[in-house]
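There are 2 protein chains.
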Amino acid sequence: MKTIELPQIKRLLASVDLIPIIAEGFAAYSAGKAVIPPVGELLLEQGEVHIKYGFIKNDEFYVIKIASGFFNNLKLGLPTSNGLMLLFSQRTGELLGILLDQGYLTSIRTAVAGAIVAKHLAPRKVERIGIVGAGTQARAQLIYLKTVVDCKQVLVWGQNESELAKYRADVEKEGFRIETTLKADQVLESCNLVVTATPSTQPLLHVESLHPGVHITAMGSDTPPKQELDSAILARADLIVADSISQCRSRGEIFKALSSGQITEDRVVELGRIISREAPGRTSDSQITVADLTGVATQDVQIATAVYRKSLET
Amino acid sequence: MKTIELPQIKRLLASVDLIPIIAEGFAAYSAGKAVIPPVGELLLEQGEVHIKYGFIKNDEFYVIKIASGFFNNLKLGLPTSNGLMLLFSQRTGELLGILLDQGYLTSIRTAVAGAIVAKHLAPRKVERIGIVGAGTQARAQLIYLKTVVDCKQVLVWGQNESELAKYRADVEKEGFRIETTLKADQVLESCNLVVTATPSTQPLLHVESLHPGVHITAMGSDTPPKQELDSAILARADLIVADSISQCRSRGEIFKALSSGQITEDRVVELGRIISREAPGRTSDSQITVADLTGVATQDVQIATAVYRKSLET
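Residue numbers (the working numbering), protein chains in the order written: chain A, 1 to 314; chain B, 1 to 314.
Dropping the structure here:
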């Protein structure tokens with residue numbers, strides 16, 4: 001049994017191309033080749049814990065991922081996100097790997113999902129990337145977008161100038177030209193590839209700012225109370241994509257839009273079907289597309305497997 | 001963060017009295033002081049995995065336990081049961097302890113639950129203990145019964161003479177006088193404290209062998225297909241006890257008896273209420289009592305907490 005600590009995980013991943021690996025996970029999921037039970041959830045006074053787990057049939061491993069968010073940790077000088085992944089043998093149940101990633105792999109596989117979505121749904125020419133949120137995931141999303149989108153102009157929304165200044169300082173090093181705003185709808189108005197990455201429980205982007213040709217990836221809302229998009233945006237979209245239709249029935253933007261009757265489930269297409277070309281992605285530059293990512297355990301299975309396999313090579 | 005391996009876990013537990021600790025867990029559970037989400041389950045071609053998790057409110061920790069059963073492992077010379085427990089801070093979500101117990105703590109907390117049940121439900125004078133099953137848990141149950149029941153006469157049922165011979169050799173060292181049988185109902189006929197500890201999916205004990213004054217603890221059946229007791233036994237019992245009524249609605253003996261209409265849920269009393277004296281246990285020597293244990297995460301929370309706290313002392 002291997003215990004792999006965070007610095008080693010980062011070193012191992014440096015030479016792995018995660019985009020095809022995670023994309024394969026989404027495709028396997030949508031093709032019914034993955035076993036993914038409902039997400040386990042523990043709600044505590046100070047935080048929330050998610051247990052995501054499953055396996056791809058006829059593969060070697062199953063993976064159990066524990067990820068937590070404790071938002072008061074900021075005041076204690078501790079990271080708000082935390083977690084680990086456990087990798088077991090499908091044949092014997094033996095624990096083969098403990099990946100002490102402290103939530104890092106969740107952050108990376110989520111950012112990679114954003115890049116995969118952009119690959120299939122972003123307009124051909126991205127004029128300006130919009131990022132709603134200025135936290136860890138808002139950074140990671142942008143960095144992974146570099147690999148699939150050729151645009152360096154970015155408008156970022158944050159809650160205050162100080163977090164925006166920090167964001168700008170961190171991300172400009174990666175070669176982006178960052179402008180900032182305190183009005184979230186300005187991001188939607190002026191960008192044609194928008195990613196939302198906040199824990200908001202109130203819509204931040206409204207239908208009045210929507211325009212033809214935009215793609216929005218909403219990845220912040222992963223629990224029933226969270227919401228980043230006015231549901232009318234989904235109602236107006238030409239294409240609504242979910243990472244997991246079954247999860248989106250009970251959490252995320254699609255859940256909100258279904259609950260309020262703004263959309264019906266037959267309008268939602270699963271990402272894995274677009275990846276495997278069973279369903280079309282964006283078919284014209286004027287379409288409005290929305291992808292709702294709630295996080296699927298096959299992403300965790302695939303990234304944990306990639307780290308573990310890489311660790312065996314070295 | 002501490003990683004505690006199995007030999008150290010065994011050493012630490014040697015000086016811990018688990019009976020009051022686990023009993024407190026059941027009482028907290030039944031008093032609504034515990035948060036225990038539904039059991040997570042992963043069914044693979046070669047085995048099954050259970051994820052049990054939760055916490056006692058206003059305590060320090062939450063615990064996530066992974067336990068697996070891979071029954072073909074026997075052929076591979078590997079243990080069939082495996083697992084680990086993870087202990088986190090309720091305040092910050094930090095991972096504090098990895099208990100690499102390989103399923104040992106599950107075995108012990110299950111055996112301790114059997115002893116707690118016997119304490120409250122066994123007849124005053126146990127004439128002969130009956131054990132149905134000759135595996136790991138069938139050994140552990142008997143060993144923990146020693147601490148609460150003053151009887152050394154035991155009749156054990158197993159599938160064949162060779163497993164029974166091994167069982168006898170192992171357990172006679174503990175001071176028991178072991179007789180064996182290949183007829184399970186003989187155990188029920190001739191003993192007044194019976195524990196079933198098999199993965200059977202067919203009833204092993206039948207109502208024809210039932211007699212006044214017997215107590216039966218059924219702890220083998222913890223998934224929907226498993227069953228050790230003819231449901232008519234539950235129908236005839238004066239007292240039916242569940243470790244968790246909500247779990248017993250969907251797994252175990254009570255689930256089977258409810259499904260077949262042999263009992264109604266209002267007849268089932270939760271163990272924690274008997275422990276905290278809100279409900280009576282056995283009130284006469286002639287009563288027939290049945291306890292159905294499916295395993296509750298508060299047992300895991302309590303035993304993991306006990307090991308971790310003990311590790312801080314040393």
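Just so you know, even glycine gets a beta-carbon here, dropped at the ideal spot from N, CA and C.
Predicted model only: the values in this text are computed from it and were never measured.
Taking residue i and residue j to be in contact with their CB atoms under 8 Å, please state how far apart those CB atoms are, rounded to whole angstroms.
| i | j | result |
| --- | --- | --- |
| D319 of chain B | R109 of chain B | An answer regarding residue 319 of chain B cannot be provided, because it is not within the stretch 1 to 314 covered by chain B. |
| F70 of chain B | T92 of chain A | 5 Å |
| A343 of chain A | Q141 of chain A | With chain A covering only 1 through 314, there is no way to say anything about residue 343 of chain A. |
| R139 of chain B | V171 of chain B | 6 Å |
| I51 of chain A | I64 of chain A | 7 Å |
| V187 of chain A | L155 of chain A | 5 Å |
| I66 of chain B | T3 of chain B | Not really, about 15 Å apart at Cβ, beyond 8 Å. |
| T289 of chain B | A237 of chain B | 6 Å |
For the candidate residues the options, whose alpha-carbon lies nearest to that of residue i?
| i | options | result |
| --- | --- | --- |
| A115 of chain A | A:S250, A:M219, A:E94, A:V132 | A:M219 |
| A118 of chain B | B:A297, B:V241, B:I4, B:Q186 | B:V241 |
| C191 of chain A | A:L205, A:S200, A:T201 | A:L205 |
| V214 of chain A | A:L145, A:Q227, A:P199, A:S286 | A:S286 |
| A111 of chain B | B:I131, B:K125, B:P123 | B:I131 |
| Y62 of chain B | B:Q90, B:V39, B:Q46, B:Q153 | B:Q90 |
| P79 of chain A | A:M85, A:I216, A:D222, A:S68 | A:S68 |
| R177 of chain B | B:C151, B:P199, B:Q202, B:V194 | B:C151 |
| L87 of chain A | A:Y308, A:E179, A:R249, A:K226 | A:Y308 |
| A165 of chain B | B:V149, B:G133, B:A237 | B:G133 |
| P199 of chain A | A:R251, A:L239, A:Q153 | A:R251 |
| Y167 of chain A | A:E189, A:G135, A:R282, A:S284 | A:G135 |
| S276 of chain B | B:K10, B:A28, B:R267 | B:A28 |
| K226 of chain A | A:I216, A:P203, A:L234 | A:P203 |
| Q8 of chain B | B:S81, B:D101, B:L239 | B:D101 |
| L182 of chain A | A:L96, A:E161, A:L193 | A:E161 |
Taking all protein chains shown into account, decide if residue i is buried (16 or more other Cβ within 10 angstroms of its Cβ) or exposed.
| i | result |
| --- | --- |
| N58 of chain B | exposed |
| A169 of chain A | exposed |
| S231 of chain B | buried |
| Q137 of chain A | buried |
| N73 of chain A | buried |
| E228 of chain A | buried |
| M1 of chain A | exposed |
| A14 of chain A | exposed |
| G272 of chain A | buried |
| H211 of chain B | exposed |
| E322 of chain A | There is no way to answer for residue 322 of chain A, as the model of chain A reaches only from 1 to 314. |
| E253 of chain A | buried |
| D243 of chain A | buried |
| G75 of chain A | Note on residue identity: the sequence assigns Lys, not Gly, to residue 75 of chain A. Classification for K75 of chain A: exposed. |
| E208 of chain B | exposed |
| T283 of chain B | exposed |
Specify, as a first and last residue, the run of the beta strand (DSSP E) that residue i falls within.
| i | result |
| --- | --- |
| G69 of chain A | 61-69 |
| F26 of chain A | Element bounds for F26 of chain A: not the beta strand (DSSP E) but the alpha helix (DSSP H), 18-30. |
| T196 of chain B | 193-196 |
| K57 of chain A | Where K57 of chain A is concerned, there is no enclosing beta strand (DSSP E), given that its DSSP letter is neither H nor E. |
| I240 of chain A | 239-242 |
| I36 of chain B | Taken as a continuous stretch (DSSP letters only), I36 of chain B belongs to no beta strand (DSSP E), as it is neither H nor E. |
| D292 of chain A | 289-292 |
| S209 of chain A | Taken as a continuous stretch (DSSP letters only), S209 of chain A belongs to no beta strand (DSSP E), as it is neither H nor E. |
| G83 of chain A | 81-89 |
| V154 of chain B | 153-157 |
| I129 of chain B | 129-132 |
| G97 of chain B | 95-100 |
| I216 of chain A | 215-218 |
With a threshold of 7 Å (Cβ to nearest heavy atom), would residue i be considered close to the ligand ATP?
| i | result |
| --- | --- |
| T305 of chain B | Within the structure as shown, the ligand ATP is missing, as the structure has no ligands at all. |
Which residue comes first and which comes last in the alpha helix (DSSP H) that contains residue i?
| i | result |
| --- | --- |
| V301 of chain A | 297-313 |
| T106 of chain B | 104-121 |
| A232 of chain A | 231-236 |
| I4 of chain B | No alpha helix (DSSP H) contains I4 of chain B, which is instead part of the beta strand (DSSP E) from 2-5. |
| L164 of chain B | 161-172 |
| E189 of chain B | 184-190 |
| Q141 of chain A | 136-145 |
| A257 of chain A | 252-259 |
| R273 of chain A | 271-275 |
| S246 of chain B | 245-248 |
(request) Residues of the region 68-83 of chain B with a CB closer than 7 Å to any CB of chain A: list them in chain order, please. (result) Shown in chain order are the members of the region 68-83 of chain B whose Cβ falls below 7 Å from a Cβ of chain A: S68, F70, N73, L76, L78, N82.
(message) Closer than 9 Å between beta carbons: that is the criterion. Which residues of the region 91-107 of chain B meet it against chain A?
(response) Here the close residues are R91, T92, G93, E94, L95, I98, L100, Q102.
(request) Return the residues of the region 42-54 of chain A that lie within a Cβ-Cβ distance of less than 8 Å from chain B, sorted by chain order. (result) Result list: L42, L43, L44, E45, Q46, G47, V49, I51, Y53, G54.
(message) Along the region 233-259 of chain A, where does the CB come closer than 7 Å to a CB of chain B? Name the residues.
(response) Of all residues in the region 233-259 of chain A, none is placed with a Cβ closer than 7 Å to any Cβ belonging to chain B.
(request) Select from the region 273-284 of chain B all residues with a C-beta closer than 9 Å to any C-beta belonging to chain A, and list them in chain order. (result) Answer in chain order: no residues at all.
(request) With 9 Å as the C-beta to C-beta threshold (strictly closer), list the residues of the region 285-304 of chain B near chain A in chain order. (result) Within the region 285-304 of chain B, no residue places its CB atom closer than 9 Å to a CB of chain A.
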